[in-house]
Every structure is written in C-alpha cells, then in structure tokens.
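Q: -16 is the number of the first residue of the sequence shown in the working numbering; add one for each residue after it.
For glycine and all other residues, C-beta sits at the position ideal for the given N, C-alpha and C.
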Amino acid sequence: MDISFALKFLSINIRVSPSLVENRTLRGLLGNMDNDKTNDLVQPSGYILPANSNESTIFRNFGELWRTNVNNSLFVYENGDSHATYQNTSFVPIFKDSYSPTQVTAAEDKCGGQDQVACVYDYLTTNDTLFAENTRDTNETFTVSSALAGTRCVCLAEPRP
-16 MDISFALKFL SINIRVSPSL VENRTLRGLL GNMDNDKTND LVQPSGYILP
34 ANSNESTIFR NFGELWRTNV NNSLFVYENG DSHATYQNTS FVPIFKDSYS
84 PTQVTAAEDK CGGQDQVACV YDYLTTNDTL FAENTRDTNE TFTVSSALAG
134 TRCVCLAEPR P
C-alpha cells in the first residue's frame, strides 16, 4: 500500500502482491483478479452485474447491497459510538452522467483523454485543475511503480574471463 500527501489531499493506493495475482484466486469488492472484467461486479446473491452498467446502477445494485449492518460489521465501536454512527444511507455520489457531454469532453481534454477516469471525475466534481492533474499524476506514478514491482529479474552467473 502506498500512502502519499499532495495538494492538501491524501492519496491511498493499494498494491496486490504479484503472487496473489498470478494464481488468479483473489476475489473481493474490487473485483476478481483474473483479467476478466465481465465477472467483477458480484452481488451478495451471486448475481453478476453487467460490466457495462452505468455508475448509478453500480452504486445502487452493487455497492449499496454490500453495505454492512449492525449484525455483520467487523468494527469495534468505542465511546458511545455504534454502527449507526458511521452510516449515511442518504448519501448518493455525483455520477459522471449527471454532467453534460460538453463538460465531460472539456474535462477529458484537461486530463489527457477519456481513459483518465479518476482525473476526469475529480475535475468535474471540483472544477480544480491542479487537483485533477494531481490525481492523474498519482495514478500514472502508481501504474509505473506497480509495473516495476511485478518485474522479475533472472540473475545469471557473472561472466568469467
């Protein structure tokens, strides 16, 4: 896990051990590490949400279904707090499709393309170019360092004269 601080914002990136990725048995809320994007959105019932679902559908029909309750929370609460203290069931995130195509295109241009999903989202929701660029740069650094972490070197014997 990498934790960094930039522009008054905290960034947390989670890196998975290459050995866990290679055996392709890692599964969870962040998807299945089997290079198959069509089976990542598994509901508690086992139903797999289509990979091309929009953000609103993923939030309501995937994320919200995994919300903990007082009976299955793994946390210990102190000082009069309870499970309810940390729940905000009225929260609904801002979805990209709530912005006009013109706004989305402008954000994609600022971020360097539509594949810069986190940067585009951050620009749309904050209208802060520096914040969005920091997101893009952090993601690029993480991608490069993750690729390097998975690189394996085979050490050969030293050549003899």
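Are Ala34 and Leu48 close, meaning C-beta to C-beta below 8 Å?
A: As a first step, residue 34 is located in the sequence shown; it is residue number 51 there, counting from the start. As a first step, residue 48 is located in the sequence shown; it is residue number 65 there, counting from the start. Not a contact, by the Cβ cut-off of 8 Å.
Q: Near Lys20, which residues of its chain fall below 8 Å by C-beta distance, leaving aside the five closest residues on each side in sequence?
A: As a position in the sequence shown, residue 20 is number 37, starting the count at 1. Hits under 8 Å: Gly14, Ala34.
Q: When the Cα atoms are used, what is the spatial distance from Asn117 to Ala90?
A: Reading the sequence shown from its first residue, position 134 is the one you call residue 117. Reading the sequence shown from its first residue, position 107 is the one you call residue 90. In a straight line, the C-alpha of Asn117 is about 14 Å away from that of Ala90.
Q: Spatial neighbours of Asn37 within its chain, please: C-beta separation below 7 Å, excluding the five flanking residues on both sides.
A: In the sequence shown, counting from the first residue as 1, residue 37 sits at position 54. Cβ within range, chain order: Asp80.
Q: Determine, using beta carbons only, whether Leu32 and Phe45 come nearer to each other than 8 Å.
A: Here the question's residue 32 lines up with position 49 in the sequence shown. Here the question's residue 45 lines up with position 62 in the sequence shown. Taking 8 Å as the Cβ cut-off, Leu32 and Phe45 qualify as a contacting pair.
Q: Below 8 Å on the Cβ atoms is my guess for Tyr106 versus Cys94; work out the distance and round it to an integer in Å.
A: The residue given as residue 106 occupies position 123 in the sequence shown. The residue given as residue 94 occupies position 111 in the sequence shown. Correct: roughly 6 Å between the Cβ atoms.
Q: Going by alpha carbons, who is nearest to Val103 out of Phe78, Ser73, Met16, Val53?
A: Taking the first residue of the sequence shown as position 1, residue 103 is located at position 120. Per the Cα distances, Phe78.
Q: In whole angstroms, what separates the C-alpha of Gln70 from that of Thr126?
A: What you label residue 70 is simply residue 87 of the sequence shown in a count that begins at 1. What you label residue 126 is simply residue 143 of the sequence shown in a count that begins at 1. Using only the alpha carbons, I get a separation of about 32 Å.
Q: Can you tell me whether Thr109 is buried or exposed, with buried defined as 16 or more other CB within 10 angstroms of its CB?
A: Here the question's residue 109 lines up with position 126 in the sequence shown. By the neighbour-count rule (16 or more Cβ atoms within 10 Å), Thr109 is not buried but exposed.
Q: If we ignore side chains and look at the alpha-carbon of each, how far apart do Val53 and Asp92 end up?
A: In the sequence shown, the residue the question calls residue 53 occupies position 70. In the sequence shown, the residue the question calls residue 92 occupies position 109. For Val53 and Asp92, the distance between alpha carbons rounds to 44 Å.
Q: For Arg10, write down the residues that DSSP places opposite it in a beta bridge.
A: Mapped onto the sequence shown, residue 10 falls at position 27. Answer by DSSP bridge pairing, in chain order: Asn15.
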